[in-house]
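Okay, so here's the structure we're looking at.
In our numbering, the protein residues as written are 4 to 1203.
In structure tokens, the structure reads:
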């Protein structure tokens, strides 16, 4: 790039900014600018070049100097400039003084800071302050200086100046922070200190999850605040990034904003309790959407919330997303995000064209196709080549002040926003999205990354961007790489070095290099690895990945469509190496040689597998997630509505759709189908009459993406009103598959009229058959009759189809009455019922609620007293003590309840409690459910019978749905024998049940409890984190467990997890613990030569410790556990008591200490004896966690 283009890029910024450092410029780009300037000076000579720079290229000149100062220290600044330009070191002091030229250019722009009356060097200091912290270096500042200053002790409690100085000296700053940041704060004086103070206030507000004020209110420039918000939204730690809310824009629906909260990790304890998510306006605390009750689910060993989504159809400046767990005062998740830029923020938003995901505008826009949303009275000027794809304007209120345009920016350089001929914000640069990436062969196109770690079937290569072909080796030398294995892996370990030292290939056409990692990992690695990169001009990056060679999948179709009965089961195959195996929770695969068959149940849209490769000391386990590309859909009928995805047609009452206020919200039908990358499928939505091929209304065709697509239902509403008297209308999805050359149609929604049948009665015939008669002036089609038996709570609700051509009733001549003989194969015993007519279209799967809705009509087929007489006769005639007798007594209790005869109810309940062994599990569960409604106190007492050993052994033979319903009662059970917990853990799936069973097991003194607990953990029935949560409440059991099981990586990980919750000094010693040493009581202050600088495991690690003697606070000792020695630092010798647990210095300083020790421990001992400064230290030392009240008393040698 020549100077004319540099000037074209930089000059628009000068009237809009305060300091030069606001202009986005990477260190690599600055190097390019420097080369162009040096060539310019060589071509024209220093004097002429200086004149031309001042007159023709002032922006390029001041940008170069400001960033040069930022990238270099104070003393060598002019020498470095002279070397780069090829001139004498004293050039800046001559007539063409570059320092004076810099200040004269700055004075031409009143908006630029002059930095008058600033102490320091006359010219270099203002130049450095204008360099500031360049935008591309801000992430280092945020990560290693600013956020630790408000989040980590002791910095969070320090004054601003002290905190900054301490953090600048910290080793992480020296190792990881870009030198430009360190130079700015070391040489920037008062302005630099002021910037840190104001930034710290901003960080404290963000840490408290409060919306950030306008930059002018913070005293900061917009570019810094924007970059800070972008950093919080996209932190370098991938684990944090994947949990943050995501915001999407739908420009086709009045600039609808979608707020998506991804699955949030929970502990087992949290997952066992109700959870609710809220979307708020943090300025008013008003709800912006309906609070949503959140379901939780298990993925592998983790507990997660389901994904939550809200819609925002009105402009709002900030939002706050909160996730609450019942019983906890503070939210477990709280995020505050900016939506609409106001004040002195640039009034522009950018979103990915493919899915509308918001993208940052600072420090630069990516050179891709983007939606740009900006004020309707502003104009967009794009420098370079750009192509408009779409334009959405005007919008109706409240979005009439905004417009949206889609632009291809792949060849653009700069975006400017102009109103009445003037820029309204600094220009926004456009840069190519060239960042380090991993290139490898994915396992399968439907293989999903887990925790942002993609799985490759070949070892990936690292692609590094290059700036210059002729400097490739030098650039590669600037990339520092660190690769480490996580968990069990083959090979395992840690490797580091620069990219140039590894085998690599230069891609001439792509300005990139491919780095081969096989030099470290070999050709057939297996496991999880984390690659960390540090490159000049780039923030630290982490690229985690998983790899397993010789693995493949086959049998997966490009997509799966439901049939008339709903989603279908899916089968595919996984090919593994001979020694590997495949594990699937709750659904064991079948091995067929080296191939494993995987069967996925209906409606499951993804499955978690685990590849297990035998290894020592621990098997290598590689998680694998496969998405099943099923067609799914859902209705969105109001803002903030929870999304429930369907595989079968949805039944929707017509009034609910017609009553939506379009001025407030536009109803949508959302369709999702994760198509392969090579697929492009067109879709359209049709509204049709039943059994008709002609459509009443058809939507525009859209292209399905890999995420989802929305169909606006508001254009269909007039047609629906016109046909409001039709029984059922159907929304049909048309899919055009261009790859397989076929057109597919599938019904998604049935819109039904309300049958509104409120008057009916049942006629009983002598032969026991039943006929229903009902009044319906305008007969509808597709009717069904639902019945709920109130006296037999174990009976499932019944649903009976009513024929469309039902005959007129024969019991009345009045028009509008109809009748139907109920099928004899459907059992409708004499009882009291609730009944309801509904409309269910053909092929629509019916889902009957277990409890009758309030509008259901009561119908009695027999008088209660008559039914009681029948039951009494049956009990008298039968002498068998079986489940039938138990069921009759439950029915009697239900009848007595309807008659409100409380004494008789109690008599029947007592009979059931006394004869519970006669009941089958179906009746036990039904009675418990009935008792919960009508006698909660007795229901709690009855739980003891449900979870006896014989009952649980029978339960294993039942269906998963019944097991889940039965075990819902377990968390409330007061008395369950601990030895029954293993039976429950074998079949439990819900978190509350698993948690209760684990706690029961940990409370057990049964001799097999430890063995079973450990076996279940090894079999991955629950995670190490879940185990630690339970063991933290039962420390005695925990320590027995850890002493009993053998050493293994699993035991090590469990100890580390448990030590984060409670102190277990016998297994994990931490800084701050106390040790009774040969020198006396000492507090551990430092740990060296251990895996962690903060803690160590005494049974496997033997580090060196630094400690402070409590009775002699100024004296440090060093404990070398590997050699078994204790050194009194800085001393040639000391005096030691004969108990060998106390030392004092010689002379008068030691006498008061000795007197105190002697008073508590040795009345008859006269004097201590001299010993050298190095003492032996026993290997069986004892660690204490509580503060030692009396450091002179060394008699206590029993630890905690």
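A virtual CB, placed ideally from N, CA and C, is assigned to each residue, including glycine. What you are looking at is a predicted structure, and each value in this text was computed from that prediction instead of being measured.
>> So for residue 1145, helix, strand or coil by DSSP?
In response: coil
> Rounded C-beta distance between residue 614 and residue 638? I'm assuming under 8 Å.
Replying inline: Actually they do not touch by this definition, with Cβ atoms about 39 Å apart.
> In whole angstroms, what separates the C-alpha of residue 851 from that of residue 258?
Replying inline: 38 Å
> Alpha carbon to alpha carbon, how far is residue 358 from residue 463?
Replying inline: 28 Å
> According to the Cβ coordinates, are residue 840 and residue 758 closer than 7 Å?
Replying inline: yes
>> Classify residue 405: buried if its beta carbon has 16 or more other beta carbons within 10 angstroms, exposed otherwise.
In response: buried
>> Extract the residue ranges of the alpha helix (DSSP H) inside the stretch 712–761, only unbroken runs of 4 or more that lie entirely within it.
In response: 720–725
> Helix, strand or coil: which one does DSSP assign to residue 290?
Replying inline: Here residue 290 sits in strand by DSSP.
>> For the structure I just gave you, are there three or more beta carbon pairs, one from the stretch 1110–1123 and one from the stretch 1080–1089, closer than 8 Å?
In response: yes
>> Just to confirm the assignment, what range does the alpha helix (DSSP H) spanning residue 575 have?
In response: First-last for residue 575: 573–578, but that is the beta strand (DSSP E), not the alpha helix (DSSP H).
> Where does residue 768 land, buried or exposed, given buried means 16+ other C-beta within 10 angstroms?
Replying inline: Note on residue 768: under 16 other CB atoms within 10 angstroms of its CB, so exposed under the neighbour-count rule.
> Hey, how far is the Cα of residue 834 from the Cα of residue 901?
Replying inline: 11 Å
> residue 1090 to residue 465, Cα distance in whole Å?
Replying inline: 36 Å
> If you count every other CB in all the chains shown that lies within 10 Å of the CB of residue 560, and 16 or more means buried, which is it?
Replying inline: exposed
>> Using the Cβ count rule (16 or more neighbours within 10 Å means buried), how would you classify residue 110?
In response: exposed
>> Spatial neighbours of residue 1014 within its chain, please: C-beta separation below 6 Å, excluding the five flanking residues on both sides.
In response: none
> Which residues in the same chain as residue 195 place their Cβ atom closer than 6 Å to its Cβ, once the five residues preceding and following it in sequence are excluded?
Replying inline: 187 and 188
> By DSSP, does residue 1132 sit in helix, in strand, or in coil?
Replying inline: coil
> What number of angstroms, rounded off, separates the C-alpha of residue 232 from the C-alpha of residue 1145?
Replying inline: 56 Å
> Helix, strand or coil: how does DSSP classify residue 649 here?
Replying inline: strand
> In this structure, does DSSP put residue 144 in helix, strand or coil?
Replying inline: helix
> Considering only residues of the same chain and omitting the five flanking positions on each side of residue 200, which have a CB-CB separation below 6 Å?
Replying inline: 163
>> On a Cα-Cα basis, can you pick out the residue from 348, 527, 988 and 421 that is closest to residue 381?
In response: 421
> Under the three-state reduction of DSSP, which class applies to residue 619: helix, strand or coil?
Replying inline: coil
>> Can you list, in chain order, the residues of its chain with a C-beta nearer than 6 Å to that of residue 217? Leave out the 5 residues immediately preceding and following it.
In response: Here the set comprises 346 and 347.
> Fully enclosed by the stretch 178–246, which beta strand (DSSP E) runs are 3 residues long or longer?
Replying inline: none
>> What does DSSP give as the partner residue(s) for residue 1077 in the beta ladder?
In response: 1086 and 1187
> Residue range of the beta strand (DSSP E) that residue 1180 falls in?
Replying inline: Element bounds for residue 1180: n/a, residue is neither H nor E.
>> Please return the same chain residues whose Cβ sits closer than 7 Å to the Cβ of residue 523, not counting the five positions on each side in sequence.
In response: Close CB contacts of residue 523 within its chain, under the 7 Å cut and outside five residues either way in sequence, are with 486 and 498 (chain order).
> Distance, Cα to Cα, residue 626 vs residue 611?
Replying inline: 7 Å
> Taking just the CA atoms, how far does residue 446 sit from residue 744?
Replying inline: Spanning the two alpha carbons is a distance of roughly 28 Å.
>> Report the CB separation of residue 3 from residue 788 in whole angstroms; it is logged as a contact under 8 Å.
In response: Residue 3 lies beyond the stretch modelled for the chain, which goes from 4 to 1203, so this question has no answer here.
>> Using a Cβ distance threshold of 8 Å, determine whether the stretch 155–170 contacts the stretch 218–231, with at least three qualifying pairs required.
In response: no
>> With a threshold of 8 Å on Cβ separation, who are the neighbours of residue 1202 within its own chain once the five nearest residues in sequence on each side are excluded?
In response: Because residue 1202 carries a pLDDT of 42, less than 50, the predicted location of this residue cannot be relied on, and the following value inherits that uncertainty. So the list reads 1068, 1069, 1185, 1186 and 1187, once near-sequence residues are dropped.
>> Let me check understanding here. Comparing Cα to Cα, which of 250, 1078 and 312 lies closest to residue 362?
In response: 250
>> What does the Cβ neighbour count give for residue 119, buried or exposed, with the cut at 16 atoms within 10 Å?
In response: exposed
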